[in-house]
Amino acid sequence: MAISDVHETSVAGDGANHSSLRRRHSRVASSGGNMFDEAEASAEAVMIASSGSDDSLNEKIGAAREEKVKEKQKQKEEDRKPPDHASRNEVQDGERAAAGDNFTYRASVPVHRRIKDSPLSSRNIFKQSHAGLFNLCVVVLIAVNSRLIIENIMKYGWLINSGFWFSSKSLRDWPLLMCCISLNLFPLAAFMVEKLAQKKRISEPVIFLLHTIIMTGEILFPVLVILSCDSTFLSGLTLMMVACIIWLKLVSYAHTSHDLRSLSLSIEKGETLPNNLNMEHPYRVSFRSMAYFMVAPTLCYQPSYPRTPSVRKGWVFRQLIKLVIFTGLMGFIIEQYMHPIVQNSQHPFKGNLLYGFERTLKLSVPNVYVWLCMFYCFFHLWLNILAELVQFGDREFYKDWWNAKTVDEYWRNWNMPVHKWMVRHIYFPCIRHGMSKNAAVLIAFLISAVFHELCIAVPCHKFKLWAFIGIMFQVPLSIVTNFLHEKCKSSMVGNMVFWFTFCILGQPMCVLLYYHDWMNRHREHN
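Here the numbering used here is used: the first residue of the sequence shown is 90, the next is one more, and so on.
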């Protein structure tokens, strides 16, 4: 009996609980009206069903409702938060756009608010981008030169022939080839002198005398070979260029070795060297360092150089293709344009001067193209190819000489290997011996003029000193461009003077002078 009463009470209690569950569930569902609320109500139902008493049931329902209210309040607070920076900007832009239609474009709004200069004014011309004008110049240059090419071919025909690259006359230049190969004996002789000096078997005066004999023989030997042979101009020019390069290297090798030897002797005596003198490269005579120096693209000797880790074979192949293309372009311009112009010209200093000036101006355009191609082929392509093959790290073979404001700046940036050689072995030694800076610069130009004359006059078999005079003329021209640069306070004036004297007047004039001297020699020969 007691058992049955308990069972009925339990069943009745369960029924009451289920009825209250249904009522609460219906209220929750009707208040929410969405799937999220129904899910929450289902969760409440499960909690209620699992509870054992009404007190615990009420507590759990209240907690669930409080959590739900908190979540809704949190969501409302997030909705009331101000938008982020980008959203605020969008709102402000929208507001400004809405207000702009009503105010910004009204007739009463001022459009001139501050002082402004024109883009091409003197104060703004170098602050603007001239990419569009540069593109226009390129298009005009292509159009003008295309017309000139067509006109030239229509007038003269196709002037390029296989003899430009190789002919039967080239076989007569084999003594020049043998002379070029035998020039390697002179660096070997200089190495032997330094080896004897390292072993202290010869004195300093004897070392100086032997190096002087070696250098003199190295430069005179190819001159005598060229003058004794009826060689072509291109073969003689190549041999003289190689001979001059080797001579400059021999001077650097002897001078640097002497300096290292002097510093090493001072250290042995216990003398204290200045702070700016550090024996980074001690004096040692190595055939390997000498041989590397002779093939490296530099004229300044030192026992070791910065090296790259590897050789980029694909890069070398691409540069070789460029070298062949631009060399062919130079040959085309010389044969198709420059040769007819100089053939139809007169001596610049004989006959009609106005006609000579007209020929000089006409020759200046193809001469500039050849000069730029020569610079790109030798200083950029060939020297970089050689540096890559021997893993030479310092590849500053030129600077931005095209922006030169004075002649001095041009010579400092145009040929960096020669410039570094001049500064290291001519300029500073002259300064250390008490000479003035102007005297040191004059000596540097004098040496440069002598070698320019040798490289051109010897292959032409005519010593008229045109190249020598042209280089020495740079000294007064340097003074003029420095004066203009200081007085005008503009980089354009000096740069225009440089371009005019080098490309429009100087080089075409030298080409005409040496061509007519060359032709006069052949007439006398025949």
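C-beta: ideal position from N, C-alpha, C; glycine also. Remember, predicted model here, so these are calculated numbers, not experimental data.
For residue i, three-class secondary structure by DSSP
i	result
residue 562	coil
residue 379	helix
residue 386	coil
residue 448	helix
residue 552	coil
residue 420	helix
residue 487	coil
residue 338	helix
residue 227	helix
residue 600	helix
residue 261	helix
residue 524	coil
residue 105	Unreliable placement is indicated for residue 105, whose pLDDT of 39 sits below 50; the coordinate value is still reported in the next sentence. Reduced to three states, the DSSP call for residue 105 is helix.
residue 359	coil
residue 300	helix
residue 217	coil
residue 78	Residue 78 lies beyond the residue range present for the chain, which begins at 90 and ends at 615; the question has no answer from this structure.
residue 210	coil
residue 426	helix
residue 319	coil
residue 403	helix
residue 289	coil
residue 607	helix
residue 509	helix
residue 570	helix
residue 276	helix
residue 248	coil
residue 374	coil
residue 199	coil
residue 504	coil
residue 533	helix
residue 204	coil
residue 495	coil
residue 434	coil
Closest Cα partner of residue i within the set the options
i	options	result
residue 608	428, 279, 397	428
residue 412	590, 475, 225, 237	475
residue 527	208, 445, 567, 481	567
residue 601	447, 458, 414	447
residue 357	346, 343, 372	372
residue 377	393, 292, 535, 543	393
residue 208	449, 269, 414, 218	218
residue 571	501, 590, 496	496
residue 248	560, 423, 466	423
residue 288	354, 420, 582	354
residue 214	399, 581, 228, 343	581
residue 543	524, 508, 514, 327	327
residue 348	396, 385, 307, 514	514
residue 310	344, 415, 274	274
residue 279	345, 512, 470, 445	345
residue 281	320, 489, 343	343
residue 313	473, 269, 605, 445	269
residue 323	548, 557, 590, 583	548
residue 244	606, 574, 430, 441	430
residue 261	303, 233, 321	321
Bridge-paired residues (DSSP) for residue i
i	result
residue 396	481
Close-in-space but distant-in-sequence residues of the same chain around residue i (CB under 7 Å, 5 per side omitted)
i	result
residue 453	592, 593, 597
residue 457	592
residue 510	337, 341, 388, 389
residue 552	546
residue 533	511, 515, 516
residue 477	400, 401, 404, 405
For residue j and residue i, believed in contact at Cβ under 8 Å, the rounded distance
i	j	result
residue 493	residue 587	5 Å
residue 603	residue 555	6 Å
residue 381	residue 479	7 Å
residue 339	residue 293	Not quite, the Cβ-Cβ distance comes to about 17 Å (not below 8 Å), so this is no contact.
residue 540	residue 333	5 Å
Residue i beta carbon near the ligand FAD (any heavy atom closer than 8 Å)
i	result
residue 271	What this structure holds is no ligand at all, so the ligand FAD is not there to describe.
Residues near residue i by beta carbon distance below 8 Å, same chain, minus five either side
i	result
residue 531	564
6 Å Cβ shell around residue i - same chain, five flanking residues per side excluded
i	result
residue 505	485, 486, 487
residue 119	In this prediction, residue 119 scores a pLDDT of 41, lower than 50, which makes its location untrustworthy; the coordinate-derived value is nonetheless stated afterwards. If we look at residue 119 and ignore the five residues flanking it on each side, it has no Cβ neighbours.
residue 276	383
residue 223	none
residue 426	455
residue 508	501
residue 116	Interpretation of residue 116 is limited by its pLDDT of 42, a score under 50 that renders its predicted location unreliable; the figure taken from the coordinates is listed afterwards. Result list for residue 116: empty, nothing under 6 Å.
Short CB-CB distance (under 9 Å) between residue i and chain B
i	result
residue 545	Structure shown: chain B not included; a single protein chain is present.
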